[in-house]
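To start, the structure itself, in structure tokens.
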Amino acid sequence: MFSSKFNWKLKPNLAKTDQVDKLSSELGITPLVAQLLINRGYTNEDEIRHFLSPDTSDLLEPFLLHDMEKTITRIQKAIENGEQITIYGDYDADGLTSTSILYETLLEIGANVNYYIPNRFKDGYGPNVNAFKKIIANGTSLIVTVDNGVSGFEAIEKANELKCDVIVTDHHELPKQLPNAYAIVHAELSPDYPFKYLSGAGIAFKVATALNDEIPQEQLDLAAIGTVADLVSLTGENRALVQFGLNVIHLTERPGLKSLIKRAKIKLDNVSEEDIGFKIAPELNAIGRMGDANPGVELLTTTDEVAADKLAKITEKKNEQRKELVTQIMSQAEIQVQNTTNQNRKTLLIVGKDWNAGALGIVASRIKDKYNKPTIVLTEDSEGKFAKGSGRSIEGFDLFKSLSTEQELMTAFGGHEMAIGMTIPVANLAKIAAVFENAADKQKLAFDKKPTLLINYQISADDITSELYDDINVLSPFGRDNEKPEFSIKPNSLSDVKAIGQDKNHLKFSLLGNRQKIAAIDFGIGNQLQEINYLSNNLKVAGTLSKNEFRGRTSLQIMVDDLAIDGRIIEDRRTSKLVQPMFSEIGTYVFFNPANKEKLEKYLGNDSQAILASQVTENSHYEKVFVVDCPKKITDLKKMLENIDTELLILYLYKKNVIKKIGMPTRAQYAKLFKFIQLRPEVMLRKQLDKISHTLKINKNMLVFMFQVFDELGFVEIKNGVMKKVLNPLHQDLNSAQIYQKRQQELEIEKQLLDLSHDEFIKLIQNINDK
Numbered sequence: 001m002f003s004s005k006f007n008w009k010l011k012p013n014l015a016k017t018d019q020v021d022k023l024s025s026e027l028g029i030t031p032l033v034a035q036l037l038i039n040r041g042y043t044n045e046d047e048i049r050h051f052l053s054p055d056t057s058d059l060l061e062p063f064l065l066h067d068m069e070k071t072i073t074r075i076q077k078a079i080e081n082g083e084q085i086t087i088y089g090d091y092d093a094d095g096l097t098s099t100s101i102l103y104e105t106l107l108e109i110g111a112n113v114n115y116y117i118p119n120r121f122k123d124g125y126g127p128n129v130n131a132f133k134k135i136i137a138n139g140t141s142l143i144v145t146v147d148n149g150v151s152g153f154e155a156i157e158k159a160n161e162l163k164c165d166v167i168v169t170d171h172h173e174l175p176k177q178l179p180n181a182y183a184i185v186h187a188e189l190s191p192d193y194p195f196k197y198l199s200g201a202g203i204a205f206k207v208a209t210a211l212n213d214e215i216p217q218e219q220l221d222l223a224a225i226g227t228v229a230d231l232v233s234l235t236g237e238n239r240a241l242v243q244f245g246l247n248v249i250h251l252t253e254r255p256g257l258k259s260l261i262k263r264a265k266i267k268l269d270n271v272s273e274e275d276i277g278f279k280i281a282p283e284l285n286a287i288g289r290m291g292d293a294n295p296g297v298e299l300l301t302t303t304d305e306v307a308a309d310k311l312a313k314i315t316e317k318k319n320e321q322r323k324e325l326v327t328q329i330m331s332q333a334e335i336q337v338q339n340t341t342n343q344n345r346k347t348l349l350i351v352g353k354d355w356n357a358g359a360l361g362i363v364a365s366r367i368k369d370k371y372n373k374p375t376i377v378l379t380e381d382s383e384g385k386f387a388k389g390s391g392r393s394i395e396g397f398d399l400f401k402s403l404s405t406e407q408e409l410m411t412a413f414g415g416h417e418m419a420i421g422m423t424i425p426v427a428n429l430a431k432i433a434a435v436f437e438n439a440a441d442k443q444k445l446a447f448d449k450k451p452t453l454l455i456n457y458q459i460s461a462d463d464i465t466s467e468l469y470d471d472i473n474v475l476s477p478f479g480r481d482n483e484k485p486e487f488s489i490k491p492n493s494l495s496d497v498k499a500i501g502q503d504k505n506h507l508k509f510s511l512l513g514n515r516q517k518i519a520a521i522d523f524g525i526g527n528q529l530q531e532i533n534y535l536s537n538n539l540k541v542a543g544t545l546s547k548n549e550f551r552g553r554t555s556l557q558i559m560v561d562d563l564a565i566d567g568r569i570i571e572d573r574r575t576s577k578l579v580q581p582m583f584s585e586i587g588t589y590v591f592f593n594p595a596n597k598e599k600l601e602k603y604l605g606n607d608s609q610a611i612l613a614s615q616v617t618e619n620s621h622y623e624k625v626f627v628v629d630c631p632k633k634i635t636d637l638k639k640m641l642e643n644i645d646t647e648l649l650i651l652y653l654y655k656k657n658v659i660k661k662i663g664m665p666t667r668a669q670y671a672k673l674f675k676f677i678q679l680r681p682e683v684m685l686r687k688q689l690d691k692i693s694h695t696l697k698i699n700k701n702m703l704v705f706m707f708q709v710f711d712e713l714g715f716v717e718i719k720n721g722v723m724k725k726v727l728n729p730l731h732q733d734l735n736s737a738q739i740y741q742k743r744q745q746e747l748e749i750e751k752q753l754l755d756l757s758h759d760e761f762i763k764l765i766q767n768i769n770d771k
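In terms of the UniProt record's numbering, the sequence shown opens at residue 1 and continues consecutively.
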């Protein structure tokens, strides 16, 4: 059954009208922009001016950072003495840009410098003892880490033993005990540095600024890429770095970057933070995921256009291989996800063999998103001794906390609330799986709770205009802590729904308003094409506004984050016959007749349930409801529907004996039967019923009913299939018989529910819903 991925929540509007008017007037911004800024915590005019139009004063003094002066002095000494300096980087986009920034800077000021990017599979993340020993053996006397190092105790101790100084520049979470490095440049260690959210590239850029004694304008492009790629807060100094960096990218002469952008089919003068996040950064990340990431630094720093194009081509190929790898691992992992054991778990620990460890973070993230469960995906080594991989969490579950108390079970472990990396002996997998699942209970993880999607505004398709887009874009660049405004849109309907992409994994459709239709794209739901088409008149859309350029034409489009049923979907499946396949769908089956429930609930699957209508209490919530049989009175149906909360209501309304074709006997028919009885004091009904029906020209079933009415009123007496005439019976109206009244009631409910056309029936149920 179709269901939204998120629990939509309208963000409260904290902006007062007078505040909005004042800021709008004094800053020359629209009321919408003013309202968005206020709701994001910006109320000071000077603060807003810097937010909207950063200047160089927003790039803070680098020497306010912890150990910066010590760092610069040591590097300058190394340059003066001709010492070999090695930059020890990381294999992701932030690490590659960090390395490139410092490498270029040191080359330009005359340093004897090289770089080392650890191999994800051989060296792992961060300072590695063997790697450090190799670097030092090759003549290095000063190692500068970028985007890593604060957890490199052992390797840094080994460097100290070998008389090599290590300067750590990092932005990751600080451990309880810092390594014994020569210097550590980290914003969290700097009480005088007001901005704490720099990326690895941001920290490297600050070191470059301090070494140059001025802002290195030509490296702002790399700083912007690293900042966006690492998903750090896009506020304060980071916002300035990215905005300045985008301007530099638009005019860049960096051959490698130009080749990457060209291959990604992006206009150089129009590169946005979204292009970095969704096109450029994944290409750079793919290099390290697939093996040796050193070519990534070559790509970013080369001045040779031919070499740059060759490296960009290799990078693109690596990313394609990465995509194929993720698809393969995902399909294998999902087989485990869907086994009975894992279906009943609140957490998922998926273990494979010979999977590429560089792709496991992506796979864990996709499984987490699809199944809404904290997920760890590991791969066993070739000897089957150790398993290594990554984990990703959902809203409300601290993944790091869930396992950090059991670190003795693991050989390597690190991360934070939403993501971890780990290596564990295969022998301990069962224990850690139990710890993982127990943590879900301890943290009271709601297994079926959807993550929250905050909605900024509720609008119609007709409200989407170029002016709205321009208003919103004033707040760019967008990212963490400065997200694009999220809109909830209720179109009249969805039209032109079609699957797109090489594997038809995505959907493209139009949102119909009264005056216009707006294009929309929803990624990863291509398999729901039929459902979306079926529900096209009953869906609302949550998404962000963007522009699409195609063949020289620019148009607005919605990038869909979620779809949800608006109101209640009603399906008319009225039937006069119930068969087992009608109970195969997962849902809640509601019965008015206890006998029907007792007889039919055996056909339900394990994930379905059968309940009586009388058990439906006020605000009972079920995702999908089947009303199996017909009530005796329409008021019974109304009461049940008013109490039940469901997105999809399917009505079978089965009735065993539909009497509308026979109807009620006429007075003439009663008179004819009465006369027949007066002439025959005793009749063997079992043997003679067919003959009587033929003689009186009254339907056999109707005749049975008429005899039952006469029996209840005392006109006849029927026992063991024999009817005897009663002498001098009391005079009574036919409609006083309970069986007569019951038949009238049945006819009435059939008329009210079963005789209606499809459109009339849907309208009736909708009217009940609306009351």
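Every residue gets a Cβ at the ideal spot worked out from N, C-alpha and C, and that includes glycine. Every value quoted in this text rests on a predicted model; they were computed, and no experiment measured them.
- In this structure, Leu-578 and Tyr-652 form a Cβ contact; the two beta carbons are roughly 7 Å apart against a cut-off of 8 Å.
- Residue nearest to Leu-60 within the set Asn-238, Asn-130, Asn-81, Gly-389 is Asn-238 (criterion: CA-CA distance).
- A check of alpha carbon separations from Phe-509 across Arg-515, Asp-503, Phe-523 identifies Phe-523 as the nearest.
- At a cut-off of 3 residues, the continuous stretches assigned as beta strand (DSSP E) that sit fully inside the UniProt domain "DDH" (84-227) are 84-88, 112-116, 140-146, 165-169, 183-185.
- According to the DSSP assignment, Tyr-589 belongs to the beta strand (DSSP E) that extends over 588-591.
- Distance from Ile-362 to Thr-375 at the Cβ level is roughly 11 Å; contact not present, criterion being Cβ atoms closer than 8 Å.
- Ranking Gln-528, Arg-553, Ser-555, Leu-512 by CA distance to the CA of Asn-537 puts Leu-512 first.
- 8 Å or more divides the Cβ of Gly-567 from the Cβ of Phe-626.
- When C-alpha distances from Leu-754 are compared across Asn-593, Asp-629, Asp-462, Asn-701, the shortest belongs to Asp-629.
- Scanning the region 220-274 for uninterrupted alpha helix (DSSP H) segments of 4 residues or longer gives 220-229, 236-250, 255-263, listed from N- to C-terminal end.
- Within the same chain, and ignoring the five residues on either side of Ser-488 in sequence, the residues whose Cβ sits closer than 8 Å to its Cβ are Trp-8, Leu-10, Ile-455, Tyr-457, Gln-458, Ile-459, Lys-540, Val-541, Ala-542.
- By the neighbour-count definition (other C-beta atoms within 10 Å, threshold 16), Ser-53 is an exposed residue.
- Taking a contact as a CB-CB distance under 8 Å, the pair Asn-119 and Gly-291 counts as one, their CB atoms being some 7 Å apart.
- At a Cβ-Cβ threshold of 8 Å, Ile-79 and Ile-109 count as neighbours.
- Within the model, the alpha-carbon separation for Ile-521 versus Ile-85 is close to 49 Å.
- Inclusion of Lys-675 and Leu-689 in the CB contact set at 8 Å is not warranted, their separation being larger than that value.
- Checking the DSSP bridge columns, you'll see Met-559 partnered with Ile-521, Thr-544.
- Considering only Thr-423, Ala-564, Thr-209, the residue with the shortest C-alpha distance to Gly-384 is Thr-423.
- Burial check for Asn-356: the Cβ neighbour count within 10 Å reaches 16 or more, so the residue is buried.
- By the Cβ neighbour-count rule, Gly-28 is exposed, with fewer than 16 other Cβ atoms within 10 Å of its own.
- Leaving aside the five residues that flank Leu-198 on each side, the residues in its chain whose CB is nearer than 6 Å to its CB run, in chain order, His-171, Ala-187.
- For Glu-746, the uninterrupted alpha helix (DSSP H) segment begins and ends at 738-749.
- With distances taken between CA atoms, Ile-698 lies nearest to Met-664 out of Met-664, Lys-687, Gly-714, Val-658.
- By the criterion of at least three beta-carbon pairs nearer than 8 Å, the region 734-748 is not in contact with the region 609-626.
- Its chain contains Ser-24, Asp-471 as the residues whose beta carbon lies nearer than 7 Å to that of Thr-30, once the 5 sequence neighbours on both sides are disregarded; these appear in chain order.
- Judged by DSSP secondary structure, Ile-718 falls within the beta strand (DSSP E) whose first and last residues are 716-719.
- Annotated three-state conformation of Gln-732 is coil, per DSSP.
- Remark: C-beta atoms of Val-590 and Ile-611 approach each other more closely than 8 Å.
- In this structure, the straight-line span from the alpha carbon of Thr-209 to that of Leu-107 is close to 14 Å.
- A contact is defined here as three or more CB-CB pairs under 8 Å, and the region 119-134 meets this definition with respect to the region 142-160.
- Collapsing the DSSP output to three states places Met-582 in a helix.
- Per DSSP, reduced to three states, the secondary structure at Asp-629 is strand.
- Beta-bridge analysis with DSSP links Glu-549 to Thr-554.
- Excluding sequence positions up to five before and after Leu-211, its CB lies within less than 7 Å of the CB of Ile-72, Ile-75, Thr-105, Ile-109, all in the same chain and listed in chain order.
- Around the Cβ of Leu-679, a 10 Å sphere holds fewer than 16 other Cβ atoms; the residue is exposed.
- Comparing C-alpha distances from Ile-38 to each of Ser-57, Asp-18, Val-426, Asp-496 shows the shortest one belongs to Asp-18.
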